[in-house]
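Asker: Under our numbering, think of the first position of the sequence shown as 248, with each following residue one higher. Note that the Cβ used here is the ideal one computed from N, Cα and C, for glycine as well.
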Amino acid sequence: MPPIFYNRVLARDKNNTYFEERFNFAKALKMNGNTTEAAAEFNKYIESGADPNLKEMAKKELAGIELMGSMKENLVLKIKNAGKQINTPESQASPALNTEGALYYGTIDYKTAEGKEEKADRIFSKLVTSNFTEGKGWSKPTELPETINRPGYHTSNVSFSKDGNTMYYTRTVSDGGMSKESKIYASTQTGSGWSPALEVTGVNGNYLAKHPVEGELFGNKVLFFSANIEGGKGGFDIYYANKTGEGEFATPLPLSDINSAGNEETPYYVDGKLYFSSDGWPGFGGYDVFSSKWNGSSWELPMNLGAPVNTTADDLYFKIDEFGNKGFLVSNRPDPESKSLKSKTCCDDIYTIEKRKLIIELLSTIKDEAGKPIKGATVQLIEMASGKDGQIESKTNLDVKPLSFLLDKDKAYKAIATKDGYFPQEISLNTVGVVEDQTINRDFVLKSMPPESDVDIISINEAIRLNNIYYNFDDDKILPDAIKDLSALRDIMKQYPDMVIELGSHTDSRGDDNYNQKLSLRRANSAKRWLVNTGGIASDRIVTKGYGESEILNDCANGVDCNDDEHRLNRRTEFKIIAGPTTIEVKKQVIDKKAKPSKKG
Numbered sequence: 248m249p250p251i252f253y254n255r256v257l258a259r260d261k262n263n264t265y266f267e268e269r270f271n272f273a274k275a276l277k278m279n280g281n282t283t284e285a286a287a288e289f290n291k292y293i294e295s296g297a298d299p300n301l302k303e304m305a306k307k308e309l310a311g312i313e314l315m316g317s318m319k320e321n322l323v324l325k326i327k328n329a330g331k332q333i334n335t336p337e338s339q340a341s342p343a344l345n346t347e348g349a350l351y352y353g354t355i356d357y358k359t360a361e362g363k364e365e366k367a368d369r370i371f372s373k374l375v376t377s378n379f380t381e382g383k384g385w386s387k388p389t390e391l392p393e394t395i396n397r398p399g400y401h402t403s404n405v406s407f408s409k410d411g412n413t414m415y416y417t418r419t420v421s422d423g424g425m426s427k428e429s430k431i432y433a434s435t436q437t438g439s440g441w442s443p444a445l446e447v448t449g450v451n452g453n454y455l456a457k458h459p460v461e462g463e464l465f466g467n468k469v470l471f472f473s474a475n476i477e478g479g480k481g482g483f484d485i486y487y488a489n490k491t492g493e494g495e496f497a498t499p500l501p502l503s504d505i506n507s508a509g510n511e512e513t514p515y516y517v518d519g520k521l522y523f524s525s526d527g528w529p530g531f532g533g534y535d536v537f538s539s540k541w542n543g544s545s546w547e548l549p550m551n552l553g554a555p556v557n558t559t560a561d562d563l564y565f566k567i568d569e570f571g572n573k574g575f576l577v578s579n580r581p582d583p584e585s586k587s588l589k590s591k592t593c594c595d596d597i598y599t600i601e602k603r604k605l606i607i608e609l610l611s612t613i614k615d616e617a618g619k620p621i622k623g624a625t626v627q628l629i630e631m632a633s634g635k636d637g638q639i640e641s642k643t644n645l646d647v648k649p650l651s652f653l654l655d656k657d658k659a660y661k662a663i664a665t666k667d668g669y670f671p672q673e674i675s676l677n678t679v680g681v682v683e684d685q686t687i688n689r690d691f692v693l694k695s696m697p698p699e700s701d702v703d704i705i706s707i708n709e710a711i712r713l714n715n716i717y718y719n720f721d722d723d724k725i726l727p728d729a730i731k732d733l734s735a736l737r738d739i740m741k742q743y744p745d746m747v748i749e750l751g752s753h754t755d756s757r758g759d760d761n762y763n764q765k766l767s768l769r770r771a772n773s774a775k776r777w778l779v780n781t782g783g784i785a786s787d788r789i790v791t792k793g794y795g796e797s798e799i800l801n802d803c804a805n806g807v808d809c810n811d812d813e814h815r816l817n818r819r820t821e822f823k824i825i826a827g828p829t830t831i832e833v834k835k836q837v838i839d840k841k842a843k844p845s846k847k848g
């Protein structure tokens with residue numbers, strides 16, 4: 248349930264007795280990424296003296312939160328949603344490639360072949376297969392026959408033997424959303440396809456068995472699987488059974504070094520290493536993916552795979568090839584590519600995993616001149632190629648951790664750090680000649696800018712545009728909106744009584760040149776009349792000049808096709824000091840030298 252549900256319940260817990268609800272609330276917070284709040288709630292639970300088993304689980308969850316903060320993200324792996332051809336709005340499971348590269352997996356789709364919605368109790372997961380074509384992507388999935396997808400059963404958890412001739416899977420009977428029976432089956436490859444399902448002997452019993460996958464132990468072929476056998480360490484534990492014949496296995500034995508008080512599921516074996524998902528070991532979310540290496544006599548301590556494999560949601564069915572280059576993952580992580588309409592983490596999607604060949608990482612911290620970290624600074628990484636710079640990535644540091652960027656080999660880059668109130672800093676680097684994974688540490692030290700002045704300095708003979716002085720077409724009458732700028736100019740002239748100005752008016756290029764010159768002079772004189780008659784400025788302190796279209800600011804001269812915005816740039820009234828003080832100070836709110844032209848002009 249979402250955290251808000253538990254929040255409402257706990258608001259009524261005046262005596263702090265809703266122990267289980269508080270634990271579930273903390274777990275929901277963690278799975279939603281609110282780790283700080285989750286840690287506080289787990290600590291409250293531990294202090295409450297509640298169920299000792301749940302208290303241990305709360306400590307495990309706290310260890311997982313600490314792990315999230317300390318583990319470095321694995322930049323080797325690129326994880327991507329497999330796309331809408333594979334993933335439906337409901338859940339997918341157990342992606343597995345056969346020896347020919349076809350993808351098999353379990354899926355649920357609540358729509359019939361006719362596109363109608365089916366009721367939940369009439370829908371069952373089925374095994375389907377899809378093929379990938381370069382440039383086209385995954386093909387439309389096709390269902391396996393009913394000899395495998397038995398009607399009325401959930402069929403899923405598919406895997407293949409190393410030679411590809413045996414396909415393992417499970418059939419599950421559910422009642423009211425709860426699994427009542429789950430058994431492991433196998434089919435063998437024949438000339439006409441897969442043989443009908445046969446129950447695997449030795450591994451099924453009076454318990455739920457699922458997630459079968461072949462592997463090796465002590466030089467023998469074994470079947471790993473997950474089951475809730477009575478007497479186990481937790482809910483579901485991982486077991487193995489030695490292969491004794493075709494479709495036959497010995498009595499299952501638990502993997503004691505791997506199993507926890509929680510649940511261990513979706514085992515996958517490759518090259519002496521077992522991958523599995525668990526909610527019993529410290530992790531980021533609900534189920535995290537772990538790995539354990541077989542040292543010849545026992546399994547080593549499980550290692551959390553970290554991000555990006557693990558998230559605060561559930562991450563399952565991790566599979567990778569023997570070279571560690573490509574694989575699959577199933578997760579209900581929040582993802583804009585997910586088709587689910589129910590919630591951010593409603594349903595499990597299949598993800599592809601791809602390993603980068605060479606990892607070159609740039610780590611950058613941003614500090615001020617005193618060495619204090621600067622939060623909220625942005626670093627842009629730019630590739631310098633073929634004489635044209637192109638931004639690759641931009642990141643903003645929300646905390647004091649270094650920003651991390653992946654670089655390609657044999658490339659030249661520059662990185663620019665920016666932050667409001669600081670001067671930007673640029674560094675250059677290149678990866679030419681790098682032949683192995685490498686971390687490049689480059690730090691930025693930003694110098695703070697002085698406070699921005701609210702005063703402009705206007706120098707003698709510097710033309711200053713008065714943006715609110717404009718006129719109707721072919722007219723020289725002052726419009727009401729011009730009063731603001733004229734009043735500001737009047738006040739400046741009174742502040743500097745010995746200042747003499749030129750008041751110049753400009754037109755655009757449309758119309759006759761001689762006429763435009765005369766029109767501009769009339770307009771300049773109109774502005775002067777206001778300053779003299781209304782503003783009280785002596786007439787001899789203002790020289791007027793009509794420039795017409797003689798000083799066009801852009802390319803919009805006679806005969807050039809321009810839009811009105813381009814012509815507007817040229818229609819202007821300006822003033823400049825021609826005698827008196829060589830410089831004056833003017834507040835920006837009075838006249839702003841950098842203001843853009845009014846769209847009314």
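1. What are the boundary residues of the alpha helix (DSSP H) that includes residue 897?
2. Exposed or buried, which one is residue 339 when buried takes at least 16 other CB atoms within 10 Å?
3. With a threshold of 6 Å on Cβ separation, who are the neighbours of residue 782 within its own chain once the five nearest residues in sequence on each side are excluded?
4. Under a three-way DSSP split, which group does residue 607 fall into?
5. Put residue 777 into one of helix, strand or coil per three-state DSSP.
6. Do residue 433 and residue 417 have their C-beta atoms within less than 8 Å of each other?
7. So what's residue 740 in DSSP terms, helix, strand or just coil?
8. Can you name the start and end residues of the alpha helix (DSSP H) that residue 291 belongs to?
9. Under 8 Å, do residue 661 and residue 629 count as touching if we go by C-beta distance?
10. Expressed to the nearest angstrom, what Euclidean distance is found between the alpha-carbon atoms of residue 561 and residue 397?
11. Using 10 angstroms around the beta-carbon of residue 406, count the other beta-carbons present and answer buried if the total reaches 16, otherwise exposed.
12. Do three or more CB pairs link the stretch 738-753 to the stretch 696-703 at distances below 8 Å?
13. Between residue 437 and residue 388, is the Cβ-Cβ spacing less than 8 Å?
14. Considering only the alpha carbon of each residue, which of 485, 510, 300, 672 lies closest to residue 530?
15. Taking only runs of the alpha helix (DSSP H) that begin and end inside the stretch 377-459, which ones reach a length of at least 4 residues, in chain order?
16. Sorted by chain position, which residues of the same chain lie with C-beta nearer than 7 Å to residue 323's C-beta, five sequence neighbours on each side aside?
17. Which term fits residue 838, buried or exposed, when burial requires 16 or more other beta carbons within 10 angstroms of its beta carbon?
18. Distance check for residue 784 and residue 774, CA to CA, integer angstroms please.
19. Among the residues of its own chain, which have a CB less than 6 Å from the CB of residue 665, if the five just before and after it don't count?
20. Beta-carbon separation of residue 803 and residue 755 under 8 Å?
21. Can you say whether residue 558 is buried or exposed, counting buried as having 16 or more other CB atoms within 10 angstroms of its CB?
22. According to DSSP, which residues form a beta bridge with residue 534?
23. Do the CB positions of residue 470 and residue 450 come within less than 8 Å of each other?
24. According to the Cβ coordinates, are residue 548 and residue 538 closer than 8 Å?
25. Provide the residue(s) that pair with residue 489 in DSSP beta bridges, ordered along the chain.
26. Could you tell me whether the stretch 492-503 touches the stretch 470-479, where touching means 3 or more Cβ pairs closer than 8 Å?
27. Within the continuous beta strand (DSSP E) that includes residue 813, where are the two ends?
28. Answer yes or no: do residue 565 and residue 516 have a C-beta to C-beta separation smaller than 8 Å?
29. If you drop the 5 nearest sequence neighbours on each side, which residues of the same chain put their C-beta closer than 6 Å to that of residue 913?
30. Pick from 342, 533, 777, 514: whose alpha carbon is nearest that of residue 461?
31. Relative to the C-alpha of residue 669, which residue among 571, 613, 640 is closest?
32. Could you round the C-beta distance between residue 382 and residue 330 to whole angstroms and report it? I think they count as a contact, below 8 Å.
33. Exposed or buried, which one is residue 622 when buried takes at least 16 other CB atoms within 10 Å?
34. Figure out for me which residue from 298, 299, 313 has the closest Cα to the Cα of residue 287.
35. When DSSP builds the beta bridges, which residues end up paired with residue 714?
36. Excluding five sequence neighbours on each side, which residues of the same chain lie with their C-beta closer than 7 Å to the C-beta of residue 526?
Answerer: With the given structure in hand:
1. In this structure the chain extends from 248 to 848, so residue 897 is not present and cannot be described.
2. buried
3. 737
4. strand
5. helix
6. no
7. helix
8. 282-294
9. yes
10. 28 Å
11. buried
12. no
13. no
14. 510
15. none
16. 602, 603, 606
17. buried
18. 12 Å
19. 625, 671
20. yes
21. buried
22. According to DSSP, residue 534 bridges with nothing at all.
23. yes
24. no
25. 469
26. yes
27. Not the beta strand (DSSP E): residue 813 falls in the alpha helix (DSSP H), residues 811-815.
28. no
29. A query on residue 913 cannot be resolved here, the shown segment of the chain reaching from 248 to 848 and no further.
30. 514
31. 613
32. No, residue 382 and residue 330 are not in contact; Cβ-Cβ is about 14 Å, not under 8 Å.
33. exposed
34. 313
35. Paired residue(s): none; residue 714 is not in a bridge.
36. 509, 510, 533, 534
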